[in-house]
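S.K.: In this note's numbering, the protein residues as written are 744 to 1148.
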Amino acid sequence: MFDVKKIREEFPILNQQIYGKPLVYLDNGATAQKPKSVIEIIDVLHNKLNANIHRGVHYLSEQCTEQYEQARGRICRFLNAASPREIVFTSGTTASINLVAYSYGQLSINQGDNVIVSEMEHHADIVSWQLVCAMRGAELRVLPFEDDGRLAVEKLPQLMDERTKIVCVTQASNVLGTTPDLKYVINVAHSAGVPVLVDGAQGVVHGGVDVRELDCDFYVFSGHKLYGPTGIGVLYAKEKWLEQMPPFMGGGDMVKTVTFAHTDYAELPLKFEAGTSNYIGAIGLGEAVNFLQGLDMTSVAEHENRLLQLATEKLSTIDGLRIYGNCPNKCAIVSFTVEGTHPYDLGMIMDKMGVAVRTGTHCAEPIMTHYGLTGMIRASFAMYNTEDEIGTLYDSVVKAVSMLR
Ligand code: PLP
């Protein structure tokens, strides 16, 4: 049996009261809490080991550099990438997508080309491409989803043509929980020679990924949603792309030699890591991955699925409550509205009962537009949530609705 009590002991923040009520943290899709081992390593780094990486010959700099590169190796194995050369540290998913959009865009996207994104993407995977399309004179095309939250992947072949330059799809929708059929998307795109970017911001924490098995070209995620620190993220890219793509930013650490006439870039992946990177965050993320690899991830996934099912069953009994996204294999996210109430009002009353949920558009406004809404409430579950907390979630919605109606 999965021992949730033991897991909770690793997350000190959970043991507190909010407005006199035990904290029920159900905003994990926005950011996950950190285990002690991650908090401790960041503390040790700041207290004892801090020095800039790749620059000094002194002890502290060498220690930090070694731990930074070890963290890269750990993430490489976690994703099953072919080589650490394919792992670029960024500040998060948003930065990773922008890096690909600008750099791959400069390499491959020209006037009259098109880029395909799904209708259920986070703004990070829409706006970055919109900017690059505007800059390069390309068209942004949209792969739609059905009302039940299923991504209509079968429409991809007719959306693509010989001018399609990249297809960008989420591994898991941060609103609908949908986990699209990525294998199908990648097969269709690759059969036309088109690369695929997978946004793993939500997917990586619910089941992980094997990038070689999936055969995606780019995979991006943020440390803070994977029980790691904020301000650190990862871009995985096949080496063949990173070799061809121009640097996104120029500066220190990404160069071999510089003259006013010419610059030779550093080897991969440093070519894409200009300036002082968030090396403490990267080492913290390596520790978060270490923490996850020490757990039985199958039982974690089963536990999260039990929470999802229980929440879905209980919330569905509330009069006027509608859940958005009902696909099989969805990840542990429940987004809903309740007739006659505004999501912000509901969320604020729930907060007073200690229940932290997300309200609003969830940075996925096209999904709201699809359903003709201005916002939803989202409860997103993590390994440390309990069945009792689902009970509190239910009670808080019932109470808030009765007050508002
Ligand atoms: N993509 C998805 C699916 C997300 O859920 C998020 C954050 O919620 C992002 C991208 C952006 O992540 P970040 O803000 O960490 O860059």
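All C-beta atoms, glycine included, are put in the ideal place defined by N, C-alpha and C.
#1: With a threshold of 7 Å (Cβ to nearest heavy atom), would Ala844 be considered close to the ligand PLP?
#2: In the DSSP assignment, find the beta strand (DSSP E) that holds Leu978 and state where it starts and stops.
#3: If Pro765 sits next to Gly1097, beta carbons under 8 Å apart, how far is it from one beta carbon to the other, in whole angstroms?
#4: Should Phe991 be labelled buried (16 or more other beta-carbon atoms within 10 Å of its own) or exposed?
#5: Report the three-state DSSP secondary structure of Gly1103 (helix, strand or coil).
#6: With burial defined as no fewer than 16 other Cβ atoms inside 10 Å of the residue's Cβ, what is the status of Val1001: buried or exposed?
#7: Rank Ile1026, Gly1134, Met988, Met1091 by C-alpha distance to the C-alpha of Tyr1008 and give the top, closest one.
#8: Measure the C-alpha to C-alpha separation of Val843 and Pro1012 and round it to an integer number of angstroms.
#9: Under the assumption that Gly971 contacts Arg817 (Cβ atoms under 8 Å), give the Cβ distance between them as a whole number of angstroms.
#10: Which of the three DSSP states is assigned to Cys911 in this structure?
#11: Is there contact between the stretch 1107-1119 and the stretch 778-789, where contact requires at least three CB pairs shorter than 8 Å?
#12: Identify every residue that forms a DSSP beta bridge with Ser1078.
#13: Roughly how many angstroms lie between the CA atoms of Gly801 and His967, to the nearest whole one?
#14: If we ignore side chains and look at the alpha-carbon of each, how far apart do Thr1019 and Ala1054 end up?
#15: In the DSSP assignment, find the unbroken alpha helix (DSSP H) run with Ser1150 in it and report its ends.
#16: With distances taken from CA atoms, which of Leu1035, Ala944, Ile830 is nearest Pro778?
#17: Looking only at its chain, what residues have a beta carbon closer than 6 Å to the beta carbon of Ala1143, apart from the 5 residues adjacent to it on each side?
#18: Determine the DSSP secondary structure at Val918, reduced to helix, strand or coil.
#19: Could you tell me whether the Cβ atoms of Arg879 and Asn853 are closer together than 8 Å?
#20: Starting from Ile784, follow the alpha helix (DSSP H) in both directions and report where the run begins and ends.
#21: Just to confirm my understanding: we take Ser826, look at its own chain, exclude 5 residues before and 5 after, and list those with CB closer than 8 Å. What are they?
#22: Please list the terminal residues of the continuous beta strand (DSSP E) segment that includes Ile830.
M.R.: Straight from the coordinates:
#1: On the sequence shown, position 101 is the one that residue 844 refers to. The answer is no for Ala844.
#2: On the sequence shown, position 235 is the one that residue 978 refers to. Taken as a continuous stretch (DSSP letters only), the beta strand (DSSP E) holding Leu978 covers 976-980.
#3: The residue you call residue 765 lines up with position 22 of the sequence shown. The residue you call residue 1097 lines up with position 354 of the sequence shown. Going by Cβ atoms, the distance from Pro765 to Gly1097 rounds to 6 Å, so yes, they are a contact pair.
#4: Position 248 of the sequence shown holds residue 991. Buried: at least 16 other Cβ atoms inside 10 Å.
#5: For this step, residue 1103 is matched to residue 360 along the sequence shown. Looking at Gly1103 - three-state DSSP - the assignment turns out to be strand.
#6: Here residue 1001 refers to the residue found at position 258 of the sequence shown. By the 10 Å Cβ count, Val1001 comes out exposed.
#7: Here residue 1008 refers to the residue found at position 265 when the sequence shown is read from its first residue. For Tyr1008, the nearest C-alpha among the options comes from Met988.
#8: Taking the sequence shown and counting its residues from 1, the one referred to as residue 843 is at position 100. Taking the sequence shown and counting its residues from 1, the one referred to as residue 1012 is at position 269. Using only the alpha carbons, I get a separation of about 13 Å.
#9: The residue you call residue 971 lines up with position 228 of the sequence shown. The residue you call residue 817 lines up with position 74 of the sequence shown. Rounded, the Cβ-Cβ distance is 11 Å, inconsistent with contact.
#10: In the sequence shown, the residue the question calls residue 911 occupies position 168. DSSP places Cys911 in strand when its eight states are reduced to three.
#11: no
#12: Here residue 1078 refers to the residue found at position 335 of the sequence shown. In DSSP, Ser1078 forms a bridge with Tyr1067, Arg1121.
#13: Here residue 801 refers to the residue found at position 58 when the sequence shown is read from its first residue. Here residue 967 refers to the residue found at position 224 when the sequence shown is read from its first residue. The residue you asked about is not Gly; residue 801 is His in the sequence shown. Approximately 30 Å, taken between the alpha carbons.
#14: Taking the sequence shown and counting its residues from 1, one reaches residue 1019 at position 276. Taking the sequence shown and counting its residues from 1, one reaches residue 1054 at position 311. Spanning the two alpha carbons is a distance of roughly 43 Å.
#15: Nothing can be reported for residue 1150: it is not among the residues displayed for the chain, which extend from 744 to 1148.
#16: For the purposes of this step, residue 778 is identified with residue 35 of the sequence shown, where counting begins at 1. The option with the nearest alpha carbon to Pro778 is Leu1035.
#17: Residue mapping note: residue 1143 aligns to position 400 of the sequence shown, counting from 1. Excluding sequence neighbours, Ala1143 sits near Leu1089, Ile1092, Met1093.
#18: By one-based count along the sequence shown, residue 918 stands at place 175. Three-state result, Val918: coil.
#19: Position 136 of the sequence shown holds residue 879. Position 110 of the sequence shown holds residue 853. Closer than 8 Å, so yes.
#20: The sequence position of residue 784 within the sequence shown is 41, counting from 1. From DSSP, the alpha helix (DSSP H) with Ile784 extends over 779-787.
#21: Locating residue 826 in the sequence shown gives position 83, where the first residue counts as 1. Cys819, Glu982, listed in sequence order.
#22: For the purposes of this step, residue 830 is identified with residue 87 of the sequence shown, where counting begins at 1. 830-833 is the extent of the beta strand (DSSP E) around Ile830.
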